[in-house]
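Position 11 of the sequence shown, counting from 1, maps to 665 under this note's numbering, and the rest follow consecutively. Backbone N, C-alpha and C fix where the C-beta goes; we use that ideal spot for every residue, glycine too. The model shown is predicted, which means the values in this text are computed figures rather than measured ones.
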Amino acid sequence: MSTDKIKGLYCVIDSAWVELSVAGHWAKKLVEAGVETIQLRAKDEGSRAVLEAACGVRAATKGKALFIVNDRLDIALLCGADGVHLGQDDIPLTEARRLMPSAIIGVSTHNLEEAREAETLGADYISYGPIFQTKTKKDADIPKGLEGLRALAPCVGIPIVAIGGITIDSAVPVLEAGATSVAVISDILLAEDIGGRALEIISRIRRKGA
Numbered sequence: 655m656s657t658d659k660i661k662g663l664y665c666v667i668d669s670a671w672v673e674l675s676v677a678g679h680w681a682k683k684l685v686e687a688g689v690e691t692i693q694l695r696a697k698d699e700g701s702r703a704v705l706e707a708a709c710g711v712r713a714a715t716k717g718k719a720l721f722i723v724n725d726r727l728d729i730a731l732l733c734g735a736d737g738v739h740l741g742q743d744d745i746p747l748t749e750a751r752r753l754m755p756s757a758i759i760g761v762s763t764h765n766l767e768e769a770r771e772a773e774t775l776g777a778d779y780i781s782y783g784p785i786f787q788t789k790t791k792k793d794a795d796i797p798k799g800l801e802g803l804r805a806l807a808p809c810v811g812i813p814i815v816a817i818g819g820i821t822i823d824s825a826v827p828v829l830e831a832g833a834t835s836v837a838v839i840s841d842i843l844l845a846e847d848i849g850g851r852a853l854e855i856i857s858r859i860r861r862k863g864a
């Protein structure tokens, strides 16, 4: 499956910030705003609730945007997601590829060694971060900053989704530092109008040609 849509804004609907019951509704708003990739992340929720939310997001994104499920390969398979995003401690990429041969598989990375390993093993894209201080992950690594991203980007041949503390004001500079896409979480999910916030980020990216 093509990763052409993994560019610009990559939205993450995270159950740490929003109720899973509204995930499908919020995904619809994000798609209407022009978001082309949406990930559902639900770290501490029951499987049934996550599956229901995933099916709602799949309905909102089908034929319009890529839908990636964080961690849960089983949920990705059951709801017909376009792909799965794996952490360093999740199931091996090679096993995920065996079960989802045509899916988009992303891998979280925090340094050049992890990034190169993910690419060698066949990841379709990587996430890299945290770029800035983040409230989303309590156990996040030390921020890499724009300099860390600039150093890594030329060494990786697959799309790079920068993540961690990225906001409407930092999205363009992060893309200019070498990221293919920017994952924005709390800056959108906590906005009064999530669709409007996403649209403004997309507009800024397009105006800058980033």
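Inter-residue distance for Ile855 and Ala825 is about 7 Å (C-alpha atoms, whole angstroms). Fewer than three beta-carbon pairs drawn from the segment 665-682 and the segment 758-769 are found closer than 8 Å, and the two stretches are therefore not classed as touching. Taking a cut-off of 8 Å for Cβ pairs, the segment 693-711 and the segment 721-733 touch, as three or more such pairs fall below it. In the three-state DSSP reduction, Leu829 falls in the helix class (H, G or I). In the structure shown, Leu806 falls within a helical segment according to DSSP collapsed to helix, strand and coil. By the C-beta density criterion, Arg695 is buried, having at least 16 other C-beta atoms within 10 angstroms. Per the Cβ contact rule, the segment 739-746 is not in contact with the segment 672-686 (fewer than 3 Cβ pairs under 8 Å).
Closest in C-alpha terms to Glu749, from the list Leu727, Thr834, Glu673, comes Leu727. Non-local C-beta neighbours of Val672 in its own chain, meaning closer than 8 Å and more than five positions away in sequence, comprise Trp680, Leu843, ordered along the chain. For Asp658, no beta strand (DSSP E) segment is defined, and its DSSP state is neither H nor E. Its chain contains Ala831, Gly832 as the residues whose beta carbon lies nearer than 7 Å to that of Arg804, once the 5 sequence neighbours on both sides are disregarded; these appear in chain order.
Cβ contact annotation for Val815 (same chain, cutoff 8 Å, sequence separation greater than five): Ile660, Tyr664, Gly760, Tyr779, Ile780, Ser781, Tyr782, Ala833, Thr834, Ser835, Val836, Ala837, in chain order.
The alpha-carbon separation between Gly799 and Gly819 amounts to approximately 10 Å. Taken through DSSP and simplified to helix, strand or coil, Ser762 comes out as strand. In the three-state scheme derived from DSSP, where H, G and I count as helix and E and B as strand, Val676 is classed as helix.
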